[in-house]
Ligand SMILES: Cc1cc2nc3c(=O)[nH]c(=O)nc-3n(C[C@H](O)[C@H](O)[C@H](O)COP(=O)(O)O)c2cc1C
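Numbering (the working numbering), first residue to last: 87 to 268.
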């Protein structure tokens, strides 16, 4: 809603059928972190960058979720992997994020510092958080798969996370201007 002086103006209601890009453009204004699902199931590293990452789906079992486009060739290659590394990008890793999401799949890991676990899970060095996961379920959700991941191990580096907002990478800023009543 737009507040103009003392009047409240109701915005024109638009739907996805008015504009097929509306959902994409609207959701671009929602801030999120960005992750990469990475694994080496066949001697070759695969990366799937996603901003549709959802934490706190379930605590018992520990489940995370990510929405993956049905057209993703990478998902088709990694979905049966025993183990997936999920790295949450940290501040300053915007260029790396774009590289790992680039069309040239063979070049995604060029000069990228990673750690590979015995399970095949691949982690990005200096990421903000990491989770080692197994695929728990894959639910059909329109043109995406809603993928549930069960967390086997996790860690926090202390590096600030990268923020994705308005189709740009941003840093997380602290807002200390609001006094919190104790
Ligand atoms: C910032 C950013 C966020 C993205 N988020 C998603 C996402 O949530 N889900 C998804 O399926 N693809 C997402 N993508 C696109 C994929 O990373 C990838 O480019 C796409 O799946 C095509 O490559 P593939 O066929 O190798 O999977 C995102 C890309 C970028 C750069």
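The C-beta atom is built at its ideal place from N, Cα and C for all residues, glycine as well.
Keep in mind that this is a model prediction, so the values were computed, not measured.
Let me know the secondary structure DSSP gives residue 238 once reduced to three states. Three-state result, residue 238: strand.
Which ranges would you report for the beta strand (DSSP E) in the stretch 119–204 if only whole runs of at least 3 residues count? Fully enclosed beta strand (DSSP E) runs of 3 or longer: 121–125, 132–136, 139–145, 148–155, 170–174 and 200–202.
Own chain residues within Cβ distance below 6 Å of residue 124, not counting five before or after: So the list reads 133, 171 and 208, once near-sequence residues are dropped.
Tell me, please, which residues DSSP counts as bridged to residue 220. The partner list for residue 220 (beta bridge, DSSP) reads 236.
Would you mind reading off the limits of the beta strand (DSSP E) that contains residue 110? Judged by DSSP secondary structure, residue 110 falls outside any beta strand (DSSP E) and instead within the alpha helix (DSSP H) spanning 108–113.
Based on DSSP bridge pairs, tell me the residues matched to residue 84. Nothing can be reported for residue 84, as the shown portion of the chain is limited to 87 through 268.
Is it buried or exposed, residue 239, if we count other Cβ atoms within 10 angstroms and call 16 or more buried? Label assigned to residue 239: exposed.
If the criterion is Cβ atoms closer than 9 Å, does the pair residue 186 and residue 122 meet it? Result yes, Cβ atoms of residue 186 and residue 122 sit closer than 9 Å.
By Cβ distance below 7 Å, which residues in the same chain neighbour residue 89 in space, the five residues on each side in sequence not counted? Model confidence at residue 89 stands at a pLDDT of 46, short of 50, so the residue's coordinates are unreliable and nothing is read from them.
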